[in-house]
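Structure first, then comments.
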Amino acid sequence: QQPVQSPQAVILREGEDAVINCSSSKALYSVHWYRQKHGEAPVFLMILLKGGEQKGHEKISASFNEKKQQSSLYLTASQLSYSGTYFCGTANAGGTSYGKLTFGQGTILTVHP
Amino acid sequence: EAGVAQSPRYKIIEKRQSVAFWCNPISGHATLYWYQQILGQGPKLLIQFQNNGVVDDSQLPKDRFSAERLKGVDSTLKIQPAKLEDSAVYLCASSLGQDPISGANVLTFGAGSRLTVL
Chain A
1 QQPVQSPQAV ILREGEDAVI NCSSSKALYS VHWYRQKHGE APVFLMILLK GGEQKGHEKI
61 SASFNEKKQQ SSLYLTASQL SYSGTYFCGT ANAGGTSYGK LTFGQGTILT VHP
Chain B
1 EAGVAQSPRY KIIEKRQSVA FWCNPISGHA TLYWYQQILG QGPKLLIQFQ NNGVVDDSQL
61 PKDRFSAERL KGVDSTLKIQ PAKLEDSAVY LCASSLGQDP ISGANVLTFG AGSRLTVL
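Listed in order, the protein sequences are those of chains A and B.
Here this note's numbering is used: the first residue of the first sequence is 1, the next is one more, and so on.
Here this note's numbering is used: the first residue of the second sequence is 1, the next is one more, and so on.
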């Protein structure tokens, strides 16, 4: 089951903040966040494990609400380099789906000067 | 460390022709994935290998797609015969393992092979 991301697109000015959400209808064990720039491969940002922990990478952080089966990616004081498409990938455990990452449809983030 | 290598980067074929994509994962990565990314969509898993065994191929259209990973290293994805809807970027990714709890399944993607079917 593909996770659902919202919003589909965000347009920001440099220095503004944004939140991207990822929701799943299935119980999650981990959520991955990747960023893909146009014409390039997706690049790993961070992984969140069940337990509701929050992680950070420079001015990008994320949270994972295991009960709600949701994750949110927070981008603060956005920079031009943050532009790209952000994907969440969700993983379950057990059975044949073990370790399999299913990606959402992506959120296009555009940062203007 | 060297990244995930893929070739060719671009391929244009007519429908009903065949095509093959090659992937060389990061050295030591046991798990290899092939994803299909249609323009404007997220990557969709086609097949997942653990060493040279198939872990998941539930979304692979087996009537036309095939993949193998001989000796647990390089992998080849083949499409025969191709259809117009196969136009996409085929991404190969590798990871140390497939344990989502430890994070061992953090994926490193290759640059992708862009297929256009006319």
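Glycine included, C-beta positions come from ideal geometry on N, C-alpha and C.
{"Check": "Span separating the alpha-carbon of lysine 37 of chain A from that of serine 83 of chain A", "Outcome": "7 Å"}
{"Check": "Coarse secondary structure for leucine 49 of chain A, derived from DSSP in three states", "Outcome": "strand"}
{"Check": "Chain-ordered chain B contacts of glutamate 40 of chain A [CB-CB under 8 Å]", "Outcome": "Ala111"}
{"Check": "Where the beta strand (DSSP E) through leucine 32 of chain B begins and ends", "Outcome": "31-37"}
{"Check": "Exposure label - serine 72 of chain A; buried when at least 16 CB within 10 Å", "Outcome": "buried"}
{"Check": "Residue-level contact to chain A via CB, proline 8 of chain B, 8 Å cutoff", "Outcome": "no"}
{"Check": "Nearest to alanine 2 of chain B (by Cα), restricted to the options B:Gln17, B:Ser18, B:Cys23, B:Ser27", "Outcome": "B:Ser27"}
{"Check": "Neighbour flag for glutamine 41 of chain B against chain A, beta carbons, 8 Å", "Outcome": "yes"}
{"Check": "Pair within 8 Å by beta-carbon distance, glycine 110 of chain B and threonine 31 of chain B", "Outcome": "no"}
{"Check": "Alpha-carbon spacing of valine 4 of chain B relative to serine 81 of chain A, whole angstroms", "Outcome": "23 Å"}
{"Check": "Which of helix, strand or coil DSSP assigns to glutamate 14 of chain A", "Outcome": "coil"}
{"Check": "Residue-chain proximity (valine 106 of chain B, chain A), Cβ-Cβ < 8 Å", "Outcome": "yes"}
{"Check": "Reduced DSSP category for aspartate 86 of chain B - H, G, I as helix; E, B as strand; rest coil", "Outcome": "helix"}
{"Check": "At least 3 beta-carbon pairs within less than 8 Å: the segment 61-78 of chain A vs the segment 20-39 of chain A", "Outcome": "yes"}
{"Check": "CA nearest to the CA of alanine 82 of chain B, picked from B:Ser7, B:Tyr10, B:Lys15, B:Arg9", "Outcome": "B:Lys15"}
{"Check": "is_contact[alanine 27 of chain A, chain B] using C-beta, thresh 8 Å", "Outcome": "no"}
{"Check": "Proximity to cysteine 22 of chain A [Cα-Cα], best of A:Gln79, A:Gln1, A:Ser78, A:Glu40", "Outcome": "A:Gln1"}
{"Check": "Contacts of leucine 91 of chain B in chain A (Cβ-Cβ under 9 Å)", "Outcome": "Ala41, Pro42"}
{"Check": "Cβ neighbour criterion (16 or more within 10 Å) applied to threonine 107 of chain A", "Outcome": "buried"}
{"Check": "Per-residue burial, glutamine 37 of chain B [other beta carbons within 10 Å of its own, 16 or more giving buried]", "Outcome": "buried"}
{"Check": "8 Å Cβ cutoff, leucine 45 of chain B in contact with chain A", "Outcome": "yes"}
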